[in-house]
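Enquirer: Per the UniProt record's numbering, the sequence shown starts with residue 1, numbered consecutively. C-beta atoms are modelled at their ideal positions from N, C-alpha and C, and glycine is treated no differently.
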Amino acid sequence: MARLLDLSTEILLHIIGNIEVDEYERRKYVIPRLSLVCKRFNDVCGHLIFRSYKLVLRSSGGRCFFTGQSLDHWKDEAVRTRLRHLKSKADFVRKLRIVDYRVNHPDEGESAEALPAEFVPELLETLTALQGLVSVIFEGRDDGQPSPFPVALWDWVASVKPNELGFRLLLTFPDNLQPIHGVEELHIFNYDEQKNSIVTMLKPPILRLVYPWSGELFKFVPYEGIRYVGIEADLMYTKTGPQFFDFTQIPEARVTVRLSFNVEYKMHIPIVWKKYSRKLPSLFVEDLALWDVRRSGRCSVVLRRLPPGFGGTPAQEHVPDEEKEREEAERMDAYYARRAQKYCQQVLQNSEAPFSHFVPSMACLLNLSAEVLLMIIANLEQDRSPYQKTYASRMSLVCKQLNDVCGNLLFRSYPLVLRRYRGYCFITDKPTEHWEDDAIHARLGHLRSKAALVRKLRIVDDKAYHPRENEPTDALPADIIPDLLSTLKLLRSLVSVSFEGRSDLGPSPFPVPVWDWLASVRLNELGLKLSFTFPDSLEPIDGIQELHIKPYNEAMSQIVTKQRAPTLHLQYPWQGDLYKFEAYEGLENVHVEADILRSNPPPKLFDFTPVPQAKVVIKLSFDVEYKFHIPGAWKSNSRRLPSLFAEDLADWDVHRSDQCSITLERLEPGFKGFRRQDHVPDERKEKEEVDNMRGHYELRAWQEEQRQKLQAERLG
């Protein structure tokens, strides 16, 4: 260690920056930990940790780690604390992001503008201490009313002369700004005529523009010396004139244009794609035969201009293909037909009329019964965005009565974590990767306090890859079973129990007392998603309607045979010999997942002829290591599919659900609707996929070559 610390800062930085670890996520934590070793390492690691610095003034949903306060609104003391921290790291910072998401409803005395003028002097006092900046980016909201960009802040940017400059928020600029020299890359959001003055003044070699999402768009006119242009725009809610994109003046520049058409409902996607794909050629001055045109996702298309003399095969996915368009429309119709059928079944099963939610006053709300309150809150949850905090968690903080009611929703499904890889316990403020007796007993205590509310229980135990000394190597170790059972016996209303954990570190013996407890509970659903071995003396559990097994092998098949559940979910191991499942009488629904690339399935692995009325869904994957293997893997595995089934696949719906997996669903007897047979060899489609993959890699190779050339030019 003494010799290591004697090395120069440059050599230490090179050593630390190239630390070899197994995973990228692990690597992110190595350097911060190393910085805690000693003062010397702290100073060296600071160059890597604080090279890119994010100065947050306001941010939706964030929290300041220095003060513990929310970042939603402007708080002078919290902002000054973050400025002091930035100033203390001034020697390390090379890339700076200044983030200010102004609020729609500011507090009293709070500025409604981003980068408020009254705060600029204090901000500049800190920014002038940053002497080695190469990148400055301003971020914030790109909707609502624009904020004026402070002239003093512009003058500071001009004095810094960064290589990269970005304005990723809604701003207006005064007319008398001085030019900024040395800007190599410029980012502009909400590009319009007013912001075009900034572009024409700076004329950076690399330009990235994002147009507004509505209104009439301002045409960009290229300038001499530009090497790369990246443009993003929406075609659905904006107006553009004919030949809107004209890059003929810069024939040597790289150009990428991403155009989106975000529809409100999925059903509109096929017709909107058909409309705008035919409109694309009229938007460009150049012939799109000289461009690589690829549909990116369902609602956007990416166009890249090919270099002069490009010898590969460019994608031309905008060219009308009536067969593909018809197939997409049929898939969409089939999707909505399945949704309609499912909805009708739910309506028939529910005898009560659908609940239409209302919002009474708080006084009236608290007079309602717990059942009605639960209906109101559950109905609100259905309309909630997945990015919002749940209504139940927010309403549980209002008063004691709502807290008790909301607990029925918050703790209905409860994960009891004994060990979890990369997990974190919020009760004890400790990681959950290893066995910690105190932390586990604390979590058991919390579960006991919520026993009356829990209906679905998940018990998670990820065995450690590298266990500590005296740490149990089996899942559900015998020492914890008495304390675990004393807690589990308090849960008197369970309908579902699932055991989850690693299945790649060998099986663990399933504790017999836990099985006896399961038999006493009389569950509807049981999950064994962890590799177990079972004694032969176990008796079947009565009442199990749904059984989940992962991984399905010979040992786990004993439980399947004993339970004979009407609904069965099986997931095979990802490698090795696959054990054949024997269908049994009374089976109604079967869901199977397996990987056929790394495993060895026997012929006619899937035989469901003994249960002709059962609904069967099978998802088979072939996850390749590199993308260019996909066409070959699909060709070989699609042709081998019929040999894996005892039944004729003509009676199945066979759908390639993504590039590396295929879903097979057995159709009902006498089914006469639309069915897919994607596994049937189609040489035209297979050749097209190979050509697209080749074009993708040729384009990537060319882009890498251009990147290296650009880097060489920058280095002089």
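Round the Cβ separation of K562 and H548 to the nearest angstrom and send it over; I've been treating them as touching at under 8 Å.
Expert: Actually they do not touch by this definition, with Cβ atoms about 15 Å apart.
Enquirer: DSSP three-state label for A701, please.
Expert: Looking at A701 - three-state DSSP - the assignment turns out to be helix.
Enquirer: Should Y53 be labelled buried (16 or more other beta-carbon atoms within 10 Å of its own) or exposed?
Expert: Y53 is buried by the Cβ-count criterion.
Enquirer: Indicate whether F499 and G527 have their beta-carbon atoms separated by less than 9 Å.
Expert: Taking 9 Å as the Cβ cut-off, F499 and G527 qualify as a contacting pair.
Enquirer: Just reading off the alpha helix (DSSP H) that A78 is part of, what are its end residues?
Expert: Unbroken alpha helix (DSSP H) run through A78: D76 to S88.
Enquirer: Quick one: residues in its chain with C-beta nearer than 6 Å to the C-beta of G46, no 5 flanking neighbours on either side, listed in chain order?
Expert: Cβ neighbours of G46 beyond the five flanking positions: F92.
Enquirer: What would DSSP say about I544, mapped onto helix, strand or coil?
Expert: Correct three-state label for I544: coil.
Enquirer: If I'm right that S661 touches L620 with Cβ under 8 Å, what's the distance once you round it to whole angstroms?
Expert: Sure, about 7 Å apart at Cβ, within 8 Å.
Enquirer: Hey, G695 and P281 are a contact pair by Cβ (cut 8 Å); roughly how many whole angstroms apart?
Expert: About 19 Å separates the two Cβ atoms, so there is no contact after all.
Enquirer: On a CA-only basis, which of W435, F167, S537 and D483 is nearest S147? Give me that one, please.
Expert: Cα-wise, what sits closest to S147 is F167.
Enquirer: Should S214 be labelled buried (16 or more other beta-carbon atoms within 10 Å of its own) or exposed?
Expert: The residue is exposed, with fewer than 16 neighbouring Cβ atoms inside 10 Å.
Enquirer: Name the DSSP bridge partner or partners of D577?
Expert: Answer is N600.
Enquirer: Which first and last residues belong to the alpha helix (DSSP H) in which H441 is found?
Expert: Looking at the DSSP string, the run of the alpha helix (DSSP H) that includes H441 is D437 to S449.
Enquirer: First and last residue of the beta strand (DSSP E) that includes V255?
Expert: From DSSP, the beta strand (DSSP E) with V255 extends over R254 to S260.
Enquirer: Output needed for S638: all residues of its chain with C-beta closer than 6 Å, excluding positions within five of it in sequence on either side, in chain order.
Expert: Cβ within range, chain order: H679.
Enquirer: Do you know how far the Cα of V611 is from the Cα of E588?
Expert: Cα to Cα, E588 sits roughly 8 Å from V611.
Enquirer: Among L667, A114 and D246, which has the Cα closest to the Cα of S59?
Expert: Nearest option by C-alpha distance: A114.
Enquirer: What did DSSP end up calling K239 once you bin it into helix, strand or coil?
Expert: If DSSP states are grouped into helix, strand and coil, K239 belongs with the strands.
Enquirer: Can you tell me whether L186 is buried or exposed, with buried defined as 16 or more other CB within 10 angstroms of its CB?
Expert: Buried, by the Cβ-count rule.
Enquirer: Name the DSSP bridge partner or partners of E185?
Expert: In DSSP, E185 forms a bridge with E164 and I206.
Enquirer: Does the distance from the C-beta atom of P509 to that of T473 stay below 9 Å?
Expert: No, they are not a contact pair.
Enquirer: Pick helix, strand or coil for D474, following the three-state DSSP scheme.
Expert: Of the three classes helix, strand and coil, the one that applies to D474 here is coil, per DSSP.
Enquirer: Any idea what DSSP makes of I180, helix, strand or coil?
Expert: Coil.
Enquirer: From which residue to which residue does the alpha helix (DSSP H) around L124 run?
Expert: From DSSP, the alpha helix (DSSP H) with L124 extends over V120 to L127.
Enquirer: Buried or exposed for S197, going by 16 or more other Cβ atoms inside 10 Å?
Expert: Exposed is the call here.
Enquirer: Which value, in whole angstroms, describes the spacing of the CA atoms of A594 and T128?
Expert: Approximately 59 Å, taken between the alpha carbons.
Enquirer: Based on the DSSP output, what are the partners of E232 in its beta bridges?
Expert: Beta-bridge pairing links E232 to V210 and R258.
Enquirer: For F220 versus F245, is the C-beta distance shorter than 9 Å?
Expert: Against a cut-off of 9 Å, the Cβ pair of F245 and F220 comes out as a contact.
Enquirer: Ordered along the chain, which non-local residues of its own chain (more than five positions away) have a Cβ less than 7 Å from that of I226?
Expert: Taken in chain order, the residues that qualify are P205, L207, I250 and A253.
Enquirer: Return the CA-CA distance between K635 and L488, expressed in angstroms with no decimal places.
Expert: Straight-line Cα distance between these residues: approximately 50 Å.
Enquirer: Taking contact to mean 3 or more Cβ pairs, one atom from each stretch, closer than 8 Å, check whether the stretch 682-697 and the stretch 643-655 are in contact.
Expert: Counting Cβ pairs under 8 Å, fewer than three are found: no touch.
Enquirer: Under DSSP, the beta strand (DSSP E) around E665 begins and ends at which residues?
Expert: S661 to R666 is the extent of the beta strand (DSSP E) around E665.
Enquirer: Looking at P307 and residue 739, is the spacing between their C-beta atoms short of 9 Å?
Expert: A question about residue 739 goes unanswered here, because the residues of the chain that appear run from 1 up to 716.
Enquirer: Where does A353 sit, in a helix, a strand or coil, going by DSSP?
Expert: Bear in mind that the predicted position of A353 carries a pLDDT of just 38, short of 50, making it unreliable; the figure below should be weighed with that in mind. Of the three classes helix, strand and coil, the one that applies to A353 here is coil, per DSSP.
Enquirer: Does the Cβ of V285 have 16 or more other Cβ atoms within 10 Å, making it buried, or fewer, making it exposed?
Expert: The residue in question, V285, is exposed, as its Cβ has fewer than 16 Cβ neighbours within 10 Å.
Enquirer: Between L715 and the rest of its own chain, which residues show a CB-CB distance below 8 Å, the 5 nearest in sequence each way excluded?
Expert: Counting only Cβ-Cβ distances below 8 Å, and skipping sequence neighbours, we find nothing.
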